[in-house]
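Positions 176 to 382 (this note's numbering) are the ones given, in order, by the sequence shown. Idealized CB from N, CA, C, for every residue including glycine. Note sheet for the following structure.
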Amino acid sequence: MKNKFHWYDGLFYDKMIAPNQDGTFAIMREMMKPNSSVIDIGTGTGRFVFQATNKFRKIVGVDLSSRNINFANSQLEKSNFKNISFLHANATEIKSHFPEKFDYSTISYVIHEMPYEMRLTVLKAMSEISNTIIIGDYFAPQPKNKRGISNRIAEFLAGTDHFNNYRNFTKHNGIYGLVETLGMLIVQEKIGVHGTSHIVRINKKID
Ligand SMILES: C[S@@+](CC[C@H](N)C(=O)[O-])C[C@H]1O[C@@H](n2cnc3c(N)ncnc32)[C@H](O)[C@@H]1O
């Protein structure tokens, strides 16, 4: 796959959707040591990257949506940040783009929209290019309250493929199922501000 397109990518995502993730982004930042190097997979319009620029030595944001990456780069051009960059690429191929290792790789609200096999491939690739992985995503299943129901509606409105992948993510027990299948270990977990998401820090495959 060379590009990904959602009707809401770009300006709409940046202004209307990404700000809802700020609570998760703050928890993710707290889980990582200052002055580290970080790669953010499925960065969207780069909101997490821009917010983290003062804490880390180097941050790279990668996304398969050219509209999101173009938007992130246009924001970057207007700024003075020297330690961040963005790349339009498929997360399945990150190893070929980055021969160096990062201290952390992060992925927020991305794996629930990927097909099952891609989820596994991307997590394996992240484990190969970084020492520690941080994942933020929905609890599976979502709680049956107002927030949980509105998250489900948002996933439905994102399109048929997106919603089918979200349902598959739920069926396979979300982050817990993924981590277990890959033989990885959760070493820290925090619940997101609305109680509908969680953020985990995981260690790589146990040999
Ligand atoms: C819901 S957005 C999350 C953006 C951001 N991480 C956040 O928390 O606001 C999911 C993003 O993952 C990206 N994405 C999905 N599949 C991808 C893939 N295979 N490689 C890279 N990015 C991908 C989409 O283009 C989209 O920008």
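Beta-carbon separation (whole angstroms), residue i vs residue j, contact threshold 8 Å
i, j, result
"I216", "V297", "7 Å"
"K270", "E303", "6 Å"
"V368", "G198", "3 Å"
"V237", "T218", "6 Å"
"A259", "T228", "Per the sequence shown, the amino acid found at residue 259 is Ile instead of Ala. About 5 Å separates the two Cβ atoms, so the contact holds."
"I309", "M203", "5 Å"
"S212", "F277", "5 Å"
"T345", "A315", "4 Å"
Option nearest residue i by Cα separation, candidates the options
i, options, result
"S325", "L186, F225, N178 and I192", "I192"
"M301", "Y279, A333, N245 and M289", "Y279"
"N378", "I244, Q226 and K299", "K299"
"E275", "E205, N306 and E288", "N306"
"Y313", "T335, H263 and Y284", "Y284"
"I282", "V235, R342, F331 and T335", "V235"
"P290", "P194, A201 and R342", "R342"
"L239", "Q363, K321 and K179", "K179"
"K177", "T356, L353 and H263", "H263"
"T356", "N348, K208 and Q196", "N348"
"E288", "F338, K321, A329 and L251", "F338"
"D189", "P209, S249 and F256", "S249"
"Y183", "S372, K233, E330 and N340", "E330"
"K319", "I361, R294 and T371", "T371"
"I366", "G311, K233 and L295", "G311"
"S254", "F225, H272 and N340", "F225"
"G185", "V362, G352 and A247", "A247"
"F256", "F273, H272, N265 and K233", "K233"
"A201", "P209, F223 and H181", "F223"
"K230", "E205, Q196 and N340", "E205"
Residue-level contact to chain D via CB, residue i, 8 Å cutoff
i, result
"V237", "In the structure shown, chain D cannot be found, because there is only a single protein chain."
Contact test: residue i Cβ vs ligand 2 heavy atom, cutoff 7 Å
i, result
"E275", "This structure does not include ligand 2; its bound ligands are ligand 1."
Length at least 4, wholly inside the stretch 177-223: the alpha helix (DSSP H) runs in chain order: 197-205
What are the complete alpha helix (DSSP H) segments, minimum 4 residues, inside the stretch 292-365? 321-332, 335-346 and 349-356
Would you list the residues whose beta-carbon is nearer than 5 Å to any heavy atom of ligand 1, in the order they occur in the chain? K179, A193, Q196, G217, G219, D238, L239, S240, N243, N265, A266, S283, Y284 and V285
Closer than 8 Å is the cut-off here; do at least three beta carbon pairs connect the stretch 207-216 with the stretch 239-255? no
Runs of beta strand (DSSP E) wholly within the stretch 229-270 (minimum 3 residues, chain order): 233-238 and 259-263
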